[in-house]
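Chemist:
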Amino acid sequence: MGILKKTEQVLRAKMFGNFSLQYNENPVSGQKTSETQFACLMQIVLHHRKSGVSREMVEEVLFGDRDIENPHHALSSVIYNARKKLEKSGLPKCTYIVVEKGVLYWTKEIPVEEDAEKFEKLFEQGNAAEENEERLRLLTEATHYYTGEFLGSFAGVLWAVSEARRYRAMFYRCIEEIVYLLRDRQDYIQMEKIGRYAVKAAPFSDWESIVIEALIGMGKYEEANRYYADTVQLYLEERGMRPSQKLLDSLQQLGDQFIHPGDSLEHIQENLGESGEGTGPYICNYPVFQGVYQVQNRIAERSGQSMYLMLCTIVDSKGNPMREGKQLEELSDRLGEAILCSIRRSDVVNQYGKGQYLVLLLNITLENRRLVQKRIDSHFLIGRQRTGVDYQISSTLHDVCMHGGE
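The opening residue of the sequence shown carries number 557 in my numbering; numbering runs sequentially from there.
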């Protein structure tokens with residue numbers, strides 16, 4: 557990865573993930589609190605050390621809309637304090653930050669190694685490489701410099717946000733090209749590794765689909781299935797999101813590839829059964845719920861039996877759906893328990909999002925459907941609780957959609 561020798565006097569600037577500075581393997585003081593003026597000054601000066609950065613831009617980053625009588629004087633004070641910190645941290649005594657004609661530069665006396673610069677350089681070299689082997693090597697090396705969002709804790713700093721977007725796009729293209737090359741070679745071991753790395757470096761970006769594809773390619777169907785289920789649960793708990801089309805396509809691929817060796821019907825039936833006693837309603841993730849719904853809908857069309865799809869949504873005192881907050885998490889868990897206590901073993905349940913549940917009520921009458929809502933409310937509502945549940949119910953046979961239980 558081109559790491560410099562310990563004997564070289566170099567300032568290492570880590571911009572991806574958590575910002576940090578090191579000189580001769582020792583941390584530079586003043587960077588622990590990400591909002592300090594020292595950290596902000598060092599980030600923008602070091603990142604623009606070759607082209608320089610205007611005094612006005614630095615003042616905007618450091619002081620923003622604060623009413624400062626003399627921003628030039630205030631900046632000079634920040635630079636002076638920064639020089640003291642750097643000298644105290646063991647850097648050779650020099651000017652460090654040079655100001656020429658209103659532009660700030662980093663001194664040429666102390667070399668800097670920046671992870672963002674290394675990443676971009678390797679990315680460009682990889683794209684320019686004509687041989688696939690060299691292309692793959694350079695792009696793979698580039699990805700390992702991208703350890704997280706560029707200055708991720710500085711979401712409100714415009715220049716950092718703009719750069720973060722640019723580097724994120726590079727990282728995505730990098731991963732996609734690597735996967736393309738590995739897929740062509742059917743190197744599923746490396747594909748799984750790069751997929752798991754991408755998931756860690758850029759969470760909630762659907763890179764799990766790469767891991768699933770790699771596991772399927774290696775014939776690890778059970779592991780792929782578990783990984784998919786865990787991913788769906790994670791997205792739901794952390795973001796309140798159902799699976800994206802990319803992940804749903806992975807599930808489809810998994811189903812297409814799930815071919816077992818020959819077996820007896822008795823053993824197959826044993827594996828198809830539920831683990832445990834399975835006494836309550838059937839709880840499943842969204843893709844499984846979707847499959848059950850489609851199959852039951854076909855059965856209902858043929859047999860004429862009733863089937864209702866019910867969406868239960870937690871609402872506030874004004875009847876508006878609740879979206880975020882710790883209270884919603886507690887209420888969501890309580891609603892889930894209330895639903896499980898109120899429906900039959902043959903019914904199917906899926907937590908669709910934060911504060912929302914889908915329930916498939918099979919072969920049920922209109923009157924019993926109303927009783928189900930009353931039972932859920934009786935388990936969910938406590939005392940003078942101001943929040944409640946909004947019920948939207950649709951009968952697929954009669955194309956009827958009712959709100960609030962009616």
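We put the beta carbon where it would ideally sit given N, CA and C, even for glycine.
In this text, all values refer to a predicted model and were calculated from it rather than measured experimentally.
Express the C-alpha separation of Val-717 and Tyr-777 in angstroms, rounding to a whole number.
Modeler: The straight-line gap from Cα to Cα measures roughly 39 Å.
Chemist: Along the alpha helix (DSSP H) that carries Val-767, what are the first and last residues, could you check?
Modeler: Val-767 -> alpha helix (DSSP H) spans 764 to 773.
Chemist: With three or more C-beta pairs closer than 8 Å as the rule, is the region 611 to 629 touching the region 719 to 733?
Modeler: Because the criterion of three Cβ pairs below 8 Å is not met, the region 719 to 733 and the region 611 to 629 do not touch.
Chemist: Is Glu-643 closer than 9 Å to Asn-683 when the C-beta atoms are compared?
Modeler: Contact: no.
Chemist: Report yes if the CB atom of Met-863 is closer than 9 Å to the CB atom of Leu-922, and no otherwise.
Modeler: Not closer than 9 Å, so no.
Chemist: Run through the DSSP bridge pairs and tell me what Asp-946 is partnered with.
Modeler: DSSP output for Asp-946 lists Thr-869 as bridge partner(s).
Chemist: What residue from Arg-741, Ala-770, Leu-790 and Thr-663 has the CA that sits closest to Ile-750's CA?
Modeler: Taking only the C-alpha atoms, the option nearest Ile-750 is Ala-770.
Chemist: Have a look at Gly-708 and Ile-938 and give me their C-alpha separation to the nearest angstrom.
Modeler: C-alpha separation (whole angstroms): 42 Å.
Chemist: With a cut-off of 8 Å on the beta carbons, I'd call Met-878 and Gly-911 a contact; round off their distance for me.
Modeler: Indeed, because the Cβ distance is near 5 Å, the residues count as touching under 8 Å.
Chemist: Run the CB neighbour count on Gln-587, radius 10 Å, all protein chains shown included, and call it buried at 16 or more, exposed below.
Modeler: Residue placement at Gln-587 is poorly supported in this model, since its pLDDT is 49, which falls under 50; the coordinates still yield a value, given next. Result: buried.
Chemist: Taking the straight line between their C-alpha atoms, what separation do you get for Ala-856 and Arg-900?
Modeler: Approximately 18 Å between the Cα atoms of the pair.
Chemist: Alpha carbons only, please: which of Val-767, Glu-689 and Arg-721 is nearest the one belonging to Arg-741?
Modeler: Of the listed residues, the one whose Cα sits closest to Arg-741 is Glu-689.
Chemist: Determine contact between the region 650 to 668 and the region 632 to 641, defined as no fewer than three beta-carbon pairs at a distance below 8 Å.
Modeler: Output reads yes: the region 632 to 641 touches the region 650 to 668.
Chemist: In this structure, how does DSSP classify Met-878 when only helix, strand and coil are distinguished?
Modeler: It is coil, neither helix nor strand.
Chemist: For the pair the region 940 to 947 and the region 870 to 884, tell me if three or more CB-CB distances fall below 8 Å.
Modeler: Yes: at least three Cβ pairs fall under 8 Å.
Chemist: Label Ile-559 either buried or exposed according to how many other C-beta atoms from any shown protein chain fall within 10 Å of its C-beta, with 16 as the threshold for buried.
Modeler: In this predicted model, Ile-559 has a pLDDT of only 43, less than 50, meaning its place in the structure is not dependable enough to derive any value.
Chemist: Return helix, strand or coil for Glu-705, following the three-state DSSP convention.
Modeler: Glu-705: coil per DSSP, three-state reduction.
Chemist: Would you call the region 562 to 577 and the region 664 to 681 touching, i.e. three or more CB-CB distances under 8 Å?
Modeler: Contact holds: three or more Cβ-Cβ distances are below 8 Å.
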